[in-house]
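Novice: Here the protein sequences line up with chains A and B, keeping their order. Remember, this note's numbering sits 729 above the position in the first sequence when you count from 1. Remember, this note's numbering sits 77 above the position in the second sequence when you count from 1. Just so you know, even glycine gets a beta-carbon here, dropped at the ideal spot from N, CA and C.
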Amino acid sequence: MGKTLAEKILAAHTKDTNTDAGAIIEANIDFLMVHEVLGSRVIPILDEMGIEKVWDPNRILVVNDHWAPASDIQSAQIHSRNREFVKQQGIKYFCDVNCGVSHQVLAEMGLVHPGELVIGCDSHSTTYGAFNAFSTGLAATDTALIIATGKCWFRVPESLKIIVQGEFSERVMSKDLILRILSQLGPDGANYQSMEFHGNTINNLSVGARMTVCNMTVEAGAKCGLMTLNNSVKEWMIQRSPDTKWAEVQPDSDAEYIDEITLDISEEKLEPMVARPHLPTNGVSVREVEGIEIDQAFIGSCTNGRLEDIKIATEIVRGKKIHPSTRLIVTPASQETYLNALRAGYIEDLMKAGAVVTNSTCGACVGGHLGVLGPDEICISSTNRNFRGRMGDNTSEIYLASPATVAASALYGRITDPRGVD
Amino acid sequence: MENLLRGKCWVFGDNMDTDQIIQGQYLTLLNYSEMAKHAFEGPRPEFASQVKQGDIVIAGRNFGSGSSREEAPMILKELGVSCVIAESFARIFYRNGFNIGLPLLVISDITSKLKDGDEIQVNLRDGLVTLSKGEILEGNKLPALMMDILSAGGAINWYKANL
Chain A
730 MGKTLAEKIL AAHTKDTNTD AGAIIEANID FLMVHEVLGS RVIPILDEMG IEKVWDPNRI
790 LVVNDHWAPA SDIQSAQIHS RNREFVKQQG IKYFCDVNCG VSHQVLAEMG LVHPGELVIG
850 CDSHSTTYGA FNAFSTGLAA TDTALIIATG KCWFRVPESL KIIVQGEFSE RVMSKDLILR
910 ILSQLGPDGA NYQSMEFHGN TINNLSVGAR MTVCNMTVEA GAKCGLMTLN NSVKEWMIQR
970 SPDTKWAEVQ PDSDAEYIDE ITLDISEEKL EPMVARPHLP TNGVSVREVE GIEIDQAFIG
1030 SCTNGRLEDI KIATEIVRGK KIHPSTRLIV TPASQETYLN ALRAGYIEDL MKAGAVVTNS
1090 TCGACVGGHL GVLGPDEICI SSTNRNFRGR MGDNTSEIYL ASPATVAASA LYGRITDPRG
1150 VD
Chain B
78 MENLLRGKCW VFGDNMDTDQ IIQGQYLTLL NYSEMAKHAF EGPRPEFASQ VKQGDIVIAG
138 RNFGSGSSRE EAPMILKELG VSCVIAESFA RIFYRNGFNI GLPLLVISDI TSKLKDGDEI
198 QVNLRDGLVT LSKGEILEGN KLPALMMDIL SAGGAINWYK ANL
């Protein structure tokens, strides 16, 4: 029997002989990312375990991103602990508060390659599947065990094959595609599974647009979102990590899938999608929610804070003013993104339109800082989660959408179809 | 870890995500007992002050979806919750529960059988739940690895014992 992408990559990282879906294996980890959870939770666990040396200081990235720069005394304390740990252990890759959101900077630094097994101490670590790597999120205890041993146990996931064909219409983005797929699957529709993407639409996507799709697979409960290699990722590797050897991984033609979903976004004509509160899987066509008044419009995060996201938002608001009863907050996903947006003139155009541009951080997306919602406020956001209270007060409401739909909505102060904006 | 548990139930619905269990704004608190005061603050503001040692959390499908935050099971344990029984668990929460030594049991129709305040008895090893009127519900037996980790008191102790 042939193997899926998930089975193949995990099989290449274990000595265990049974690597079919359902098997429990012990795997060797290629790379680990950990953010503030290191300082708050992992270091105390390592102390309890009596671990004095990390397994490999060259295979760990530490990022201060969730509350960057520190939003209060506690986060400042956590950041200090991370800095101290990095210094003491000689960790090779460290991003302090001047880098950006972990998932974006890990990719920018060329630290993920096709065929690798990458773990992040964060649920959105599914993002790196865009690079033809198996990546998933774990929490503090598993992270401590990996820091100590370089190994972790996994249940090899069943795979769900998703084939997407067709072209995007104008101002329809990969965010709309993943919101559409999530609405079909529901919040646990892919629980424990690998969502394996195929088809010409996926093949034609930019690196950033692919990251958006893989990033949100966890919202259907998936363990990972996996894609085969395409030209945009190949070019990314040549540019970002020219000296590293890697080999692409393809699933076998006779691999076994638990189910298959086929979508033709030209035939069905994929529309801009909006996920209603309080689940990312509550996606509907923007036409069904048009007119709902908003207090805040937010563009940023590991899901949609990249240059192409800021570009499309800028094109929509350029030369206009955002609605006086709405605030538009833009948080570039990384310092590199910010600089490129600055050079391209996007930041100036956004600011002239009335947007607030913040430094790179997870910030508003986690209800941390730089855009927290007050009681009864309504926000349209390019982020990944609209859980109750996610971005602030428990009575606030979040609608998830693409950066294009968020920008269009900021102009009118209500949820707006970006296709109707000049 | 006790194999036989007896406790009073708190019943929750489907998709109780990690932001409902503990909101992101409290994650920088370094002290778990401080953080635990905010458990289920949105959906059940009375929970943290009224939950008693040994109480049991009952939930519908997809309990613990969302963030990887281990603080979610940790504060339930901190408050004395002895076990969570749900119709299904989100992947990372399931792993985290055992890692920190909080037993989790899957029983497919548990929310239709119980209401707040009901008392039940749980046999973890056999995956059995006895309701107050004597009805017995059968869940999945815990895999041997999970029982080993729980018996050790969590993954760290289990790791130390297996070095």
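1. With a threshold of 7 Å on Cβ separation, who are the neighbours of I987/A within its own chain once the five nearest residues in sequence on each side are excluded?
2. Identify, in the order they occur along the chain, each residue of the same chain with its Cβ nearer than 6 Å to the Cβ of G216/B, setting aside the five sequence neighbours on each side.
3. Express the C-alpha separation of G157/B and L1079/A in angstroms, rounding to a whole number.
4. Quick one: what's got a C-beta closer than 6 Å to H842/A's C-beta in the same chain, skipping five residues either side?
5. Rounded to whole angstroms, what is the Cα-Cα separation between I891/A and D195/B?
6. Quick one: does N80/B have its CB under 8 Å from some CB of chain A?
7. With 16 other CB atoms within 10 Å as the buried threshold, where does P1147/A fall?
8. Answer yes or no: do I162/B and V128/B have a C-beta to C-beta separation smaller than 8 Å?
9. Compare the C-beta of L179/B with all C-beta atoms of chain A and state if any pair is closer than 8 Å.
10. Quick check on T105/B: buried or exposed, where buried means 16 or more other Cβ atoms within 10 Å of its Cβ?
11. DSSP state of K880/A, grouped into three classes?
12. Identify the residues that DSSP records as bridge partners of W87/B: which are they?
13. I want to verify the contact list: residues of chain A whose CB lies under 7 Å from the CB of R138/B, in sequence order.
14. Based on Cα-Cα distance, which residue from E1037/A, F1116/A, Y1075/A and S769/A lies nearest to S1131/A?
15. What residues from chain A crowd round A167/B, counting only those whose CB sits closer than 8 Å?
16. Can you tell me which residues form a DSSP beta bridge with Y1128/A?
17. Extract the residue ranges of the beta strand (DSSP E) inside the region 758 to 797 of chain A, only unbroken runs of 3 or more that lie entirely within it.
18. Since V885/A and A741/A are thought to touch, with beta carbons under 8 Å apart, how far apart are those beta carbons, to the nearest angstrom?
19. How would you write the range of the beta strand (DSSP E) that H927/A sits in, first residue to last?
20. Do we get a CB-CB distance below 8 Å when we pair L107/B with the residues of chain A?
21. Of the residues that make up the region 793 to 804 of chain A, which ones have a beta carbon closer than 7 Å to any beta carbon in chain B?
22. Could you check what DSSP says for R1056/A in three-state terms: helix, strand or coil?
23. Compare the Cα-Cα distances from G178/B to each of S189/B, C160/B and M112/B and report the closest residue.
24. Taking only heavy atoms of the ligand MG into account, decide whether any of them is closer than 7 Å to the Cβ of K816/A.
25. Is the beta carbon of I152/B sitting closer than 8 Å to the one on M93/B?
26. Relative to the alpha-carbon of Y1075/A, which residue among E837/A, A1136/A, F897/A and P1006/A has its alpha-carbon at the smallest distance?
27. Nearest CA to the CA of K732/A: which residue from T746/A, A1042/A, A750/A and K744/A?
28. Leaving aside the five residues before and after T743/A along the sequence, list all residues of the same chain whose C-beta is less than 8 Å from its C-beta, in chain order.
29. Which residue marks the beginning of the beta strand (DSSP E) containing Q198/B, and which one marks its end?
30. With respect to the beta strand (DSSP E) encompassing C943/A, which residues constitute its N-terminal and C-terminal limits?
31. Any idea what DSSP makes of V847/A, helix, strand or coil?
32. Mapping DSSP to helix, strand and coil, what is T1134/A?
33. Please list the residues of the region 757 to 788 of chain A that have a C-beta atom closer than 7 Å to any C-beta atom in chain B, keeping them in chain order.
34. Since I780/A and R810/A should fall inside the 8 Å C-beta cutoff, what is the C-beta to C-beta distance between them, to a whole number of angstroms?
35. Show which residues of chain A have a CB atom less than 7 Å away from the CB atom of D96/B.
36. Taking only three categories from DSSP, how would you classify T188/B?
Specialist: The answer reads as follows:
1. In the first sequence, counting from the first residue as 1, residue 987/A sits at position 258. Only E887, S888, L889 and Q922 meet the Cβ criterion.
2. In the second sequence, counting from the first residue as 1, residue 216/B sits at position 139. Counting only Cβ-Cβ distances below 6 Å, and skipping sequence neighbours, we find L182, V183, I184 and G204.
3. Along the first sequence, one-based indexing puts residue 1079/A at 350. Along the second sequence, one-based indexing puts residue 157/B at 80. When rounded, the distance between both Cα atoms is 50 Å.
4. Locating residue 842/A in the first sequence gives position 113, counting from the first residue. T973 and W975.
5. One-based indexing of the first sequence puts residue 891/A at position 162. One-based indexing of the second sequence puts residue 195/B at position 118. Those two C-alpha atoms are separated by around 44 Å.
6. Counting from one through the second sequence, the residue named residue 80/B turns up at place 3. Taking Cβ atoms only, chain A never reaches closer than 8 Å to N80/B, which makes this a no.
7. In the first sequence, the residue the question calls residue 1147/A occupies position 418. P1147/A comes out buried.
8. Translated into the one-based positions of the second sequence, residue 162/B becomes position 85. Translated into the one-based positions of the second sequence, residue 128/B becomes position 51. Against a cut-off of 8 Å, the Cβ pair of V128/B and I162/B comes out as no contact.
9. Indexing the second sequence from 1 puts residue 179/B at position 102. So, not an interface residue.
10. Stepping through the second sequence from its first residue, residue 105/B is reached at position 28. It counts as buried.
11. Your numbering for residue 880/A matches position 151 in the first sequence. Three-state result, K880/A: strand.
12. As a first step, residue 87/B must be located in the second sequence, where it is residue number 10. Answer is V134/B, bridged to W87/B.
13. Along the second sequence, read from residue 1 onward, the residue named residue 138/B stands at position 61. By Cβ distance, chain A contributes D917.
14. Translated into positions along the first sequence, residue 1131/A becomes position 402. Nearest option by C-alpha distance: E1037/A.
15. Counting from 1 along the second sequence, the entry for residue 167/B is found at position 90. Going along chain A in sequence order, the residues near A167/B (Cβ under 8 Å) are D917, N920 and G950.
16. Here the question's residue 1128/A lines up with position 399 in the first sequence. DSSP lists I1109/A as partners of Y1128/A.
17. 760 to 763 and 789 to 792
18. Counted from its first residue, the first sequence places residue 885/A at position 156. Counted from its first residue, the first sequence places residue 741/A at position 12. About 12 Å; that fails the 8 Å criterion.
19. The sequence position of residue 927/A within the first sequence is 198, counting from 1. Where H927/A is concerned, the enclosing beta strand (DSSP E) stretches over S923 to H927.
20. Along the second sequence, read from residue 1 onward, the residue named residue 107/B stands at position 30. Taking Cβ atoms only, chain A reaches closer than 8 Å to L107/B, which makes this a yes.
21. W796, D801, Q803 and S804
22. One-based indexing of the first sequence puts residue 1056/A at position 327. It is a strand residue.
23. Reading the second sequence from its first residue, position 101 is the one you call residue 178/B. Cα-wise, what sits closest to G178/B is C160/B.
24. Inclusion of the ligand MG in the displayed structure is not the case, the ligand content being empty and no account of it being possible.
25. One-based indexing of the second sequence puts residue 152/B at position 75. One-based indexing of the second sequence puts residue 93/B at position 16. Not in contact: I152/B and M93/B (Cβ atoms no closer than 8 Å).
26. The residue you call residue 1075/A lines up with position 346 of the first sequence. The residue with the shortest Cα to Cα distance from Y1075/A is A1136/A.
27. On the first sequence, position 3 is the one that residue 732/A refers to. With distances taken between Cα atoms, K732/A lies closest to A750/A.
28. Residue mapping note: residue 743/A aligns to position 14 of the first sequence, counting from 1. The answer, listed in chain order, is I754, E755, A756 and N757.
29. Taking the second sequence and counting its residues from 1, the one referred to as residue 198/B is at position 121. Unbroken beta strand (DSSP E) run through Q198/B: E196 to N200.
30. Along the first sequence, one-based indexing puts residue 943/A at 214. It is not in any beta strand (DSSP E) - C943/A instead sits in the alpha helix (DSSP H) that spans V936 to N944.
31. Along the first sequence, one-based indexing puts residue 847/A at 118. It is a strand residue.
32. By one-based count along the first sequence, residue 1134/A stands at place 405. Residue state, collapsed to three classes: helix.
33. S769, R770, I774, E777 and M778
34. As a first step, residue 780/A is located in the first sequence; it is residue number 51 there, counting from the start. As a first step, residue 810/A is located in the first sequence; it is residue number 81 there, counting from the start. Not quite, the Cβ-Cβ distance comes to about 15 Å (not below 8 Å), so this is no contact.
35. Walking along the second sequence from the start, residue 96/B turns up at place 19. Per Cβ cutoff of 7 Å: F1116, R1117, G1118 and R1119.
36. Translated into the one-based positions of the second sequence, residue 188/B becomes position 111. Correct three-state label for T188/B: helix.
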